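Below is one structure, written out as structure tokens; the observations come after it.
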Amino acid sequence: MNAIAQAEPSATVAGSAPATPIVRTRGIHKVYGGTVHALKDINLEFKRGELTSLLGPSGCGKTTLLKIIAGLLEPTEGEVEVNGKPVTGPGPERAFVFQDFALMPWATVLRNAAFGLELQGVNRSEREERARHYVNEVGLSGFEDKYPHELSGGMRQRVGLARALAVDADVLLMDEPFSAVDEQTRRKFQEDLIHLRERENKTFILVTHSIEEAVYLSDRIVLLSPRPGRVGQVIDPEIERKGDPDAIRRAPEYLDLTDEIWRGLREYVE
Amino acid sequence: MYIRGIYVPQFVALLFWVVVWEIVGQFELLMLFPPFSEVVVAIGDVVTSPSFVDAAALTAYCYLAGLFLAVVVGISLGLLMGLVPAADKLLNMWINIFLSAPLSALVPVIMILFGMGQPTVIVTVFMFAVWIIALDARAGVQHVSTSLKEMALSFGASRTQRLKIILLSALPEILAGIRLGVIRGVKGVVIGQLLVSIIGVGALFSLYSQNFLMGHFWALILILFAFALSLAELIGRLEQRVEYYAGARH
Numbered sequence: 210m211n212a213i214a215q216a217e218p219s220a221t222v223a224g225s226a227p228a229t230p231i232v233r234t235r236g237i238h239k240v241y242g243g244t245v246h247a248l249k250d251i252n253l254e255f256k257r258g259e260l261t262s263l264l265g266p267s268g269c270g271k272t273t274l275l276k277i278i279a280g281l282l283e284p285t286e287g288e289v290e291v292n293g294k295p296v297t298g299p300g301p302e303r304a305f306v307f308q309d310f311a312l313m314p315w316a317t318v319l320r321n322a323a324f325g326l327e328l329q330g331v332n333r334s335e336r337e338e339r340a341r342h343y344v345n346e347v348g349l350s351g352f353e354d355k356y357p358h359e360l361s362g363g364m365r366q367r368v369g370l371a372r373a374l375a376v377d378a379d380v381l382l383m384d385e386p387f388s389a390v391d392e393q394t395r396r397k398f399q400e401d402l403i404h405l406r407e408r409e410n411k412t413f414i415l416v417t418h419s420i421e422e423a424v425y426l427s428d429r430i431v432l433l434s435p436r437p438g439r440v441g442q443v444i445d446p447e448i449e450r451k452g453d454p455d456a457i458r459r460a461p462e463y464l465d466l467t468d469e470i471w472r473g474l475r476e477y478v479e
Numbered sequence: 036m037y038i039r040g041i042y043v044p045q046f047v048a049l050l051f052w053v054v055v056w057e058i059v060g061q062f063e064l065l066m067l068f069p070p071f072s073e074v075v076v077a078i079g080d081v082v083t084s085p086s087f088v089d090a091a092a093l094t095a096y097c098y099l100a101g102l103f104l105a106v107v108v109g110i111s112l113g114l115l116m117g118l119v120p121a122a123d124k125l126l127n128m129w130i131n132i133f134l135s136a137p138l139s140a141l142v143p144v145i146m147i148l149f150g151m152g153q154p155t156v157i158v159t160v161f162m163f164a165v166w167i168i169a170l171d172a173r174a175g176v177q178h179v180s181t182s183l184k185e186m187a188l189s190f191g192a193s194r195t196q197r198l199k200i201i202l203l204s205a206l207p208e209i210l211a212g213i214r215l216g217v218i219r220g221v222k223g224v225v226i227g228q229l230l231v232s233i234i235g236v237g238a239l240f241s242l243y244s245q246n247f248l249m250g251h252f253w254a255l256i257l258i259l260f261a262f263a264l265s266l267a268e269l270i271g272r273l274e275q276r277v278e279y280y281a282g283a284r285h
């Protein structure tokens, strides 16, 4: 069964333990250049330890919302709170994973993964040790001394993920992290992310335009409607993710919900 | 290059023209064109003469000083224009004008300002090399990927650290600018000295042409060409190493 709730801040799914919100947005508006209304009145709560997807067609402002939460963009109105504190810019409790990986081409995998720690002033041996751990965690051990151009797209994004994990932030903000890699790599990556969540106790906010990806991965899906971007629907898929990751793609709940969301989004694509 | 499926190395083309030169020279049609063999002999003569050693040292000094200034000022200008849109609006047009203007016409003005000596030659080298370096650095800075800048910001980089990332990202373009500047600088040093014509290689050129030592004259030209090309090649090698790293910029 899928519990479909409207965009009410306190909507929790019956049966799951109530988690406290770690990120909260209040009345976010974003207007570009005085005329383009990208986001309109976004009120959302992201619960600690959950993976929330921001899903919508292109132009719905989902990346804009993620960058506002990251502190990379300022909202025209409204505010974002992380751990109860208002956001004024980027902070160490949030780490960003970029769509195009944003690796430094002149630095090795290890140095790229350790870059967040380098900027925090962690000494070399400690940051390399921690980076090594996370490079291993994302499945890239043996590639520490390679340069980004020597890696495939999927491997580069793993470095981006290791960099975000290494700074030990509470919230991982992922901007369409799998859209620049091929389909096989994307599937493997999604499975790995499910396993990673079992080991790392982090809150994930994921921007995606893939309905399947959102349903496959998310505890909660926020559907955004385009121009201006508004919260259309908040969906809590109840899909069992323990066990075989492949089984999820065959589960009736997965298939039904994917279908249902597509029917809802269809009107925007015309 | 392949001719009828047989591999022919590129320098064969050079050799071909050398042979043509030698044959034309042997006919002694023009006094301006001594045979190539005579020029080669003259190279030995020129290189060992004390006036050449002095001229070469002076030329090298003026060239390197002018180029150093051009690199420092050019990269700074490029950075400024790439990062500050107001500065870009103010400077871009002027730099483009200087880039395409016939700078040789300016040398007499520079001569009036800086006198008949080394400073004029240094300034001429600078004027020839600096604009292309500035424009390429500007292009490099403007093409640094937005996400890389956002990445630095989101992981808490300071202003200096962000500037360092921008510089390293723009390095391929900056080096391409320096390579072009190196070549243009050689033009600058020769033209500057020719117009001043009482110092360095310029003085030698006047000396040889006034005494109809055409072999020596051509020898000096060959030496200068070789010098400019080897320098450009050297920077090109360095560039390839960096391009290699920056080849996959995303």
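Residue numbers (this note's numbering), protein chains in the order written: chain A, 210 to 479; chain B, 36 to 285.
Just so it is clear, CB atoms sit at the ideal spot from N, CA and C, and this is done for glycine as well.
Computed from a predicted structure; not experimentally measured.
Cβ pair residue i, residue j closer than 8 Å
i: A/Met383; j: A/Phe413; result: yes
i: A/Ile517; j: A/Tyr463; result: Since the first residue shown for chain A is 210 and the last is 479, residue 517 of chain A is missing from the structure and cannot be characterised.
i: B/Val224; j: B/Ala205; result: no
i: A/Leu264; j: A/Val390; result: no
i: B/Thr83; j: B/Val236; result: no
i: A/Val232; j: A/Val306; result: no
i: B/Ala121; j: B/Ile168; result: no
i: A/His237; j: A/Leu274; result: As written in the sequence, residue 237 of chain A is Ile, which differs from the His given in the question. Yes, Cβ-Cβ distance for A/Ile237 and A/Leu274 is below 8 Å.
i: A/Val416; j: A/Arg303; result: no
i: B/Ala172; j: B/Leu102; result: no
i: A/Pro386; j: A/Pro357; result: no
i: A/Thr229; j: A/Ser427; result: no
Status (buried if at least 16 other CB within 10 Å, exposed otherwise) for residue i
i: A/Asn321; result: buried
i: B/Arg276; result: exposed
i: B/Ile245; result: Reading the sequence as shown, one finds Gln at residue 245 of chain B and not Ile. The residue is exposed, with fewer than 16 neighbouring Cβ atoms inside 10 Å.
i: B/Ser86; result: exposed
i: A/Ser219; result: For A/Ser219, the predicted structure reports a pLDDT of 43, less than 50, and the residue's modelled location is therefore unreliable. A value from the coordinates is still provided. By the neighbour-count rule (16 or more Cβ atoms within 10 Å), A/Ser219 is not buried but exposed.
i: A/Glu337; result: buried
i: B/Leu125; result: exposed
i: B/Val107; result: exposed
i: B/Tyr42; result: exposed
i: A/Pro295; result: exposed
i: B/Ser182; result: buried
i: B/Met36; result: exposed
i: B/Trp253; result: buried
i: B/Pro44; result: exposed
i: B/Ala166; result: Checking the displayed sequence, the identity of residue 166 of chain B turns out to be Trp instead of Ala. Its Cβ being crowded by 16 or more others within 10 Å, B/Trp166 is buried.
i: B/Ile311; result: Missing from the structure shown is residue 311 of chain B; chain B here goes from 36 to 285 and no further.
i: A/Gln215; result: No answer about A/Gln215 holds up, because its pLDDT of 44 lies below 50 and its placement is not dependable.
i: B/Ile132; result: exposed
i: A/Glu217; result: With a pLDDT of only 44 at A/Glu217, under 50, the local geometry of the prediction cannot be trusted, and the value read off the model is given with reservation. Burial call: exposed.
i: A/Gln329; result: exposed
Per DSSP, the bridge partner or partners of residue i
i: A/Pro230; result: A/Lys256
i: A/Ile237; result: A/Ile251
i: A/Phe305; result: A/Leu382
i: A/Pro299; result: Bridge partners of A/Pro299: none, in fact.
i: A/Ser427; result: DSSP, once it has assigned bridges, lists no residue as partnering A/Ser427.
i: A/Leu415; result: A/Ser262, A/Met383
i: A/Lys288; result: Looking at the sequence shown, residue 288 of chain A is not Lys but Glu. A/Arg235.
i: A/His246; result: A/Val240
i: B/Tyr42; result: B/Tyr37
i: A/Lys355; result: DSSP lists no partner for A/Lys355.
i: A/Glu438; result: Correcting the residue type first, residue 438 of chain A is Gly in the shown sequence and not Glu. A/Leu248, per the DSSP bridge assignment.
i: A/Lys271; result: Answer is none; A/Lys271 lacks a bridge partner.
i: A/Leu432; result: A/Leu264, A/Gln442
i: A/Lys294; result: A/Val291
Counting Cβ pairs closer than 8 Å, one from the segment 226 to 234 of chain B and one from the segment 129 to 145 of chain B, do we hit at least three?
yes
To be precise: take each residue of the segment 269 to 294 of chain A, compare its Cβ to all Cβ atoms of chain B, and keep it if any distance is under 9 Å. Which residues remain?
Lys276, Ala279, Gly280, Leu281
Okay, do the segment 265 to 277 of chain A and the segment 435 to 444 of chain A touch, 3+ Cβ pairs below 8 Å being the bar?
yes
Closer than 9 Å between beta carbons: that is the criterion. Which residues of the segment 195 to 220 of chain B meet it against chain A?
Gln196, Ile200, Leu203, Ser204, Leu206
Select from the segment 293 to 313 of chain A all residues with a C-beta closer than 9 Å to any C-beta belonging to chain B, and list them in chain order.
Gly298, Pro299, Gly300, Pro301, Arg303, Ala304, Phe305, Phe307, Gln308, Asp309, Phe310, Ala311, Leu312, Met313
Residues in the segment 318 to 339 of chain A with C-beta within 8 Å of chain B's C-beta atoms, listed in sequence order?
Phe324, Gly325, Leu328, Gln329
Listed from N- to C-terminal order along the chain, which residues in the segment 424 to 458 of chain A have their beta-carbon within a distance smaller than 8 Å of any beta-carbon of chain B?
none
Quick one: which residues of the segment 132 to 150 of chain B get their C-beta closer than 8 Å to a C-beta of chain A? List them in chain order.
none
Name, going along the chain, the residues of the segment 172 to 192 of chain B whose beta-carbon falls closer than 8 Å to a beta-carbon of chain A.
Ser180, Ser182, Leu183, Glu185, Met186, Ala187, Leu188, Ser189, Phe190, Gly191, Ala192
Taking three-plus beta-carbon pairs below 8 Å as touching, is the segment 348 to 368 of chain A in contact with the segment 329 to 336 of chain A?
no
Contact residues within the segment 379 to 400 of chain A, judged by C-beta distance below 7 Å to chain B:
none
Mind the definition here: the segment 200 to 216 of chain B touches the segment 150 to 158 of chain B only if three or more C-beta pairs lie below 8 Å; say whether that holds.
no
So, does the segment 238 to 250 of chain A touch the segment 396 to 409 of chain A, judging by three or more C-beta pairs under 8 Å?
no
Report yes or no: do the segment 340 to 348 of chain A and the segment 365 to 380 of chain A share at least 3 C-beta pairs separated by less than 8 Å?
yes
Would you say the segment 413 to 426 of chain A touches the segment 457 to 473 of chain A, given that touching needs at least three Cβ pairs under 8 Å?
yes
Taking beta-carbon pairs under 8 Å, can you tell me which members of the segment 462 to 476 of chain A lie near chain B?
none
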